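Worksheet: one structure, shown below.
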Amino acid sequence: MIETIATVESNRELATGYRHLILNFDEEVPVRAGQFAMLKAHAAYEPLLRRAFAVYRAHGPRQLSFLYQVMGRGTEALSYLDRGGKVEALIPLGNSWPIENCERAIVVAGGIGSASVLMLCEELARAGKETQVFFGASSERVAVGCGLEDFRALNLPLVVTTDDGSLGERGVVTAPLERYLREGVRATIHACGPWVMMKRVAEIAREFDAPCFTSLEAPMGCGFGVCVGCVVAVKTAGPIGYGSYKRVCTDGSIFPADVIRWEVNAMTL
Amino acid sequence: MIETIATVESNRELATGYRHLILNFDEEVPVRAGQFAMLKAHAAYEPLLRRAFAVYRAHGPRQLSFLYQVMGRGTEALSYLDRGGKVEALIPLGNSWPIENCERAIVVAGGIGSASVLMLCEELARAGKETQVFFGASSERVAVGCGLEDFRALNLPLVVTTDDGSLGERGVVTAPLERYLREGVRATIHACGPWVMMKRVAEIAREFDAPCFTSLEAPMGCGFGVCVGCVVAVKTAGPIGYGSYKRVCTDGSIFPADVIRWEVNAMTL
Amino acid sequence: MNFALNHDPRLAVEIAGIRFNNPVIGASGTFGYGLEFAELIDLNRLGGFSTKGLSARPLAGNPPPRIVETHGGMLNAIGLQNIGARAFVEDKLPLLRRYDTRVIANVFGYSDEDYIEAINILNDGEGIAAYELNISCPNVKEGGIVIGNSSVAAARLTEKAKRAAARPLIVKLSPNVTDIRELARAIVSAGADSLSLINTLVGMSVDVNTRQPRLNYGTGGLSGPAIKPIAVRMVHEVASAVNVPLIGIGGIASAMDALEFIIAGATAIQIGTANYYDPTVTMKVISGLSDYCDCCGMDNITSLIGSLIKS
Amino acid sequence: MNFALNHDPRLAVEIAGIRFNNPVIGASGTFGYGLEFAELIDLNRLGGFSTKGLSARPLAGNPPPRIVETHGGMLNAIGLQNIGARAFVEDKLPLLRRYDTRVIANVFGYSDEDYIEAINILNDGEGIAAYELNISCPNVKEGGIVIGNSSVAAARLTEKAKRAAARPLIVKLSPNVTDIRELARAIVSAGADSLSLINTLVGMSVDVNTRQPRLNYGTGGLSGPAIKPIAVRMVHEVASAVNVPLIGIGGIASAMDALEFIIAGATAIQIGTANYYDPTVTMKVISGLSDYCDCCGMDNITSLIGSLIKS
Ligand SMILES: Cc1cc2nc3c(=O)[nH]c(=O)nc-3n(C[C@H](O)[C@H](O)[C@H](O)COP(=O)(O)OP(=O)(O)OC[C@H]3O[C@@H](n4cnc5c(N)ncnc54)[C@H](O)[C@@H]3O)c2cc1C
Ligand SMILES: Cc1cc2nc3c(=O)[nH]c(=O)nc-3n(C[C@H](O)[C@H](O)[C@H](O)COP(=O)(O)OP(=O)(O)OC[C@H]3O[C@@H](n4cnc5c(N)ncnc54)[C@H](O)[C@@H]3O)c2cc1C
Ligand SMILES: Cc1cc2nc3c(=O)[nH]c(=O)nc-3n(C[C@H](O)[C@H](O)[C@H](O)COP(=O)(O)O)c2cc1C
Ligand SMILES: Cc1cc2nc3c(=O)[nH]c(=O)nc-3n(C[C@H](O)[C@H](O)[C@H](O)COP(=O)(O)O)c2cc1C
Ligand code: FES
Ligand code: FES
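Here you go:
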């Protein structure tokens, strides 16, 4: 975990509301696929709290990039940064995607959740594991904003869905996933996307009893385990008690889908 | 009084900590010498309140400029603006320098107070009134930051003082003023600068009973008279009562020196 | 005069029998005597405004500095400088009557008698829709206690004021109390027709270099977005404790902010500090509320009042 | 071990007989169990820290969402999730003893008995400098009343806790009261060795789209720069009401902020929310205080305590 001030190499808009931020660090930052950083435009008075962003790509030991959607005040402040701008960063944070004991892999990306799985796909490819990617977005514009081109460049089997059918299959990304598993494929699922999507992916995984890992989101106060604000409800033997809630930032952000109590949403949205 | 969003033409640093901000307005903004504007970097969450800045120069009916010193959060936010940046502006505000019944004029500028008197000097020159300018700053750097070159370009008799003697006469600007009046000159004094300077100018004016006008500063909440936060204590016949305090923004910012109770400082500093 | 065309009927609300064209009201002390805004906004579009605190006699106010900005807000210790009730009735009201907006006279005094005297003067005025009793100004405590912080004193004054008032009585609550529900109940039982909340929270800022308070008065009232969460909570608490219409106040700077208060239980809202840094904010909030009705297909904003869904 | 070289002697302060190498303390609930910061800062340079609230038995805490950011601050309703006093003594203390910093055990319970039980467990622990009684957590009220908002209940608990405590007792005050001086006097008379203030202010934030509170618990505690002016005012008030050392808390994010509290009457300060968005803030504040001593040629920061000059 390194607390530092990084410098903006570029902050390009991929599609309206979606940007690719490349940062240069003074020191080497070792990151594993699925880890994240807490970022904030340097010396910005508002908002106070840093925001969590998955490491999208490692361009070099000192150059990392992030893919983000402009949601509110924090991401808006980041969107104003130009080359040379400064970013306060705490990195790397959280656990990473476990790929050791997976023979065959399925990667499900929903919307900006894609940011957390590009490095995973790269790793799986490097490890020579057979990998099928399902990439869902609300529209072609959003798909492009969520890094579609980078995923295409991986040359992995890729199924794209959009809610409005403007690109690929019309509908939700879980539909082709379900069909795929119904064909009898046994593989480990890695999913990142909106809560509802991951909840559905978890259900499907249980149905086909496929191992499934999900990278969760929660509003984060600190990102390193001290505020205990980012919790998700997990299944425990006894009644609600200590251990019923786990921190997304340090116990996660990646959890086996079957330990999460999906009916208890961590986000207000 | 116009509420609008202006566009930055340029925001050049004249000297470390001092900048010249040129703004373009969509509509014509009629301003008289000594008036000011409430400015804030557009969409900045912090600080909330706009800051008061004298109109330094009118480059055209729709282009005005401001000279400012980077003090704290508000001016810092302004200093980050580049060409094309947006500025929330309420303008023009306050009264203006009365020059009608002045035969001969003296202008005293202390530090960034210079920003409020350049247009005055231009007007006096245009009106063909004999004018002597006293320009004080803490150092040559600050003098340059406070627009020294623009004042020199006026070709009016100009005496420069610096606290450290790095330029012109060493010492406070009120010293040459006093000598000048001692020579028996009768003229109307127009002064803008730090409270202590104006207080001293007021004393000198009384001593030589020269008419004297001062442009005051106070922390401003609104700039258009509704918060009643920017008051200065004025002399009244009776005891303290309604009328004992006047608003710098709407009753001023320019007041005859002899109505001000100089012992009651409007600023914490 | 008929300005009806200006108004979005879905935004109309009623408080103590008074109809407001919309729930957006300028807060006392931040809206002057209304006329100062005539150049900036269309006063006829405004739901209403509350005047700067009016006392029986004009007041000087506190020595400067009177305001200082803090993170997300500001501290003020104006000390109720005002022209006095009489001058308001004679000089301001005639000009205000030209506009189709509800004028609320914010009343202040150092003693019960002062309040009653001010109300009696204002009773003669034409064009005042209601009175707002400012019993919660933190910058003028006499003998150390603020009337608004004591249920007993507040109820006593409310009762007297209600008797004297020729118009509906709104009482403005202080947030500087342990249990605002108890205070609200006492004031409503004493006859208040409506409650407005919150006034400012008492705060202090120190100039480390001079080691003096940044405000000459020492302490001041904290306002602005910084206090919004406290205000929303209090509106929600009071809504469950009394059954008179509430006017929510505290850090409102957008339509979304206003909606938070309405959902929490406010019938109308007042915008204060935001008027300083965004002089046309009231107009923006009114438009924003109309847009919201469009989106949700809502025909009356009143259906939103106190609609908070608890988990 | 000898870390003395790390410390600026001018910054040393004493509270209830405990020497702090400097007045900068990590606030409870924002500093975990201290160890989480070992990677980020030099714990040996830190004056001290207060643990996350410890209860006799481990607690689950509230369902999410537990936090939401507001302008200048944040609301939290963690609900005191903690590993429990026993686990702290057995698993955390041994590791903490490696560091030269004062460990304050923040104690919480639902009843007087809970508090005493927790204190008894902690009494066995080695390496605890003092206890901080959290009687002001707004997110766990049982039966509707927060002990810390009632002078009577607070004094009663303080007395029992003082009797049970094998270490100096710091009581943490709630800001959600009408008169914090009265509360402070009652608690000091009951035996508190020191007071820390303020805890969070109760607030609420509403999600206009879902019409639900943004926090699952409904209300939460407001912290951060937004509340600083209220905290400084309360520290100043309490300083004039009692004569035990005070620990100032509320929105501190810089050395200048810390100095405001010290000038207002605090002997030491705690930094909370700022640790989240600026994890090394404690180190920056310590250096800043040394710089200040250099500028002013001050040989002891204690000479600044309560040095506010009133006009
Ligand atoms: C471990 C982790 C990794 C993430 N990785 C990425 C990423 O790679 N790219 C990316 O664009 N986003 C990512 N997010 C989400 C990102 O943190 C939020 O979009 C961001 O915090 C929004 O901040 P804001 O100030 O722009 O919006 P806010 O003004 O804070 O909120 C705007 C809206 O977003 C919602 N929101 C607030 N915080 C979060 C949150 N933490 N997660 C989701 N919604 C939130 C609010 O409820 C509100 O409705 C990640 C979140 C987590 C927890
Ligand atoms: C009518 C008027 C005209 C002005 N014209 C100019 C001008 O042309 N150029 C220029 O550089 N400045 C001018 N000022 C001063 C300018 O408004 C302040 O420097 C500015 O408000 C500081 O804001 P800040 O956020 O940068 O500093 P803050 O963080 O607000 O304050 C930094 C320091 O400046 C002090 N300060 C705060 N507000 C004011 C204030 N209104 N006046 C003086 N000191 C203040 C604070 O006490 C603090 O010590 C004018 C002020 C007034 C009232
Ligand atoms: C400078 C200033 C002066 C105020 N004067 C009064 C007043 O005279 N009477 C009153 O009832 N409230 C007064 N208030 C309180 C506001 O009406 C309002 O209750 C408070 O500021 C909170 O709202 P806001 O956060 O939107 O500003 C004043 C507030 C400010 C900032
Ligand atoms: C997320 C969070 C959790 C907290 N938990 C506790 C706690 O367990 N015990 C306690 O006494 N105070 C707790 N506090 C209050 C802080 O210690 C502090 O009093 C308050 O946040 C004000 O300081 P700040 O503005 O610097 O954060 C908590 C604060 C936050 C933000
Ligand atoms: S974000 Fe603070 S504990 Fe996870
Ligand atoms: S700045 Fe508000 S009245 Fe002058």
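Chains as they are written, first to last, in this note's numbering: chain A, 1022 to 1290; chain B, 1022 to 1290; chain C, 64 to 374; chain D, 64 to 374. All C-beta atoms, glycine included, are put in the ideal place defined by N, C-alpha and C. Just so it is clear, the structure is predicted and the values come from calculations on it, not from any experiment.
Under DSSP, A:K1107 shares a beta bridge with A:T1028. In the same chain as A:W1283, and ignoring 5 residues on each side of it, the C-beta atoms closer than 7 Å to its own belong to K1220, A1223, in chain order. Listed in chain order, the non-local C-beta contacts of D:N145 below 7 Å within the same chain comprise K115, G116, L117, S118, P121, L122, local neighbours out to five positions each way being set aside. Here D:P288 is buried: its Cβ has 16 or more other Cβ atoms, across all protein chains shown, within 10 Å. Proximity of the beta carbon of A:G1093 to ligand 5 is not indicated: no heavy atom of the ligand is located closer than 8 Å. When secondary structure is reduced to three states using DSSP, D:V152 falls in the helix class.
Every unbroken stretch of the beta strand (DSSP E) spanning 3 or more residues and falling wholly within the stretch 1132-1184 of chain B is given here in chain order: 1151-1158, 1179-1183. Shown in chain order are the members of the stretch 281-304 of chain C whose Cβ falls below 7 Å from a Cβ of chain D: G281, T282, L285, P288, A289, K291, P292, I293, V295, R296, H299. Judged by their CB atoms, D:N169 and D:A227 are not nearer to each other than the 9 Å cut-off. Within the DSSP secondary-structure output, C:I332 pairs in a beta bridge with C:V87, C:G311.
At a Cβ-Cβ threshold of 9 Å, C:L285 and C:T133 count as neighbours.
A distance of 9 Å or more separates the beta carbons of C:D163 and C:N85. Interface annotation for the stretch 127-161 of chain C against chain D: T133, H134, G135, G136, L138, criterion Cβ-Cβ distance under 8 Å.
Residue-level contact check: B:M1092 does not touch chain C, since none of the beta carbons of chain C fall below 9 Å from its beta carbon. In the three-state reduction of the DSSP assignment, D:I250 falls in the helix class.
Within the same chain, Cβ atoms closer than 6 Å to the Cβ of C:E180 are found at A119, the five residues on either side in sequence being excluded. Taking a cut-off of 8 Å on C-beta distances, the stretch 80-94 of chain D touches the stretch 330-341 of chain D, as three or more cross pairs fall below it. One finds I1261, G1262, Y1263, G1264, S1265, Y1266 in chain A with Cβ atoms closer than 8 Å to the Cβ of D:A123, taken in chain order. At a cut-off of 9 Å between beta-carbon atoms, C:N212 makes contact with chain D.
Contact with chain B is absent for C:G110, since none of that chain's Cβ atoms lies less than 9 Å from the residue's Cβ. About 5 Å separates the Cβ atoms of A:P1068 and A:G1095, confirming a contact at the 8 Å cut-off. Setting aside the 5 residues that flank it on each side, C:M361 is surrounded in the same chain by R73, Y355, L367, each with a C-beta closer than 8 Å to its C-beta; the list follows chain order. At a cut-off of 8 Å, the beta-carbon of D:N338 does not count as near ligand 3: no heavy atom of the ligand is closer than that. Taking 9 Å as the threshold, the shortest C-beta distance from B:E1067 to chain A falls below it. Contact of C:T365 with chain D is not assigned, every C-beta pair being separated by 9 Å or more. As DSSP reads the structure, A:R1072 sits in a beta bridge with A:L1060. Here B:M1022 is exposed, its C-beta having fewer than 16 other C-beta atoms within 10 Å. For C:K115, a Cβ of chain B is located within less than 9 Å of the residue's own Cβ.
The Cβ atoms of C:I233 and C:I78 lie closer than 9 Å to each other. For A:L1237, no chain D residue has a Cβ inside 7 Å of its Cβ, as the nearest lies near 11 Å away.
Per the DSSP secondary-structure output, A:C1213 pairs in a beta bridge with A:A1130. For the stretch 309-340 of chain D, the set of residues with a beta-carbon nearer than 8 Å to any beta-carbon of chain C comprises G314, M319, L322, E323, I326, A327, in chain order.
Nearest CB-CB separation between B:G1250 and chain C: below the 9 Å threshold. Against chain C, the CB of B:E1024 has a partner CB under 9 Å away; the residue lies at that interface. Per DSSP, the unbroken alpha helix (DSSP H) holding B:R1200 starts and ends at 1195-1203. For the pair B:V1194 and B:T1182, the CB atoms are nearer than the 9 Å cut-off.
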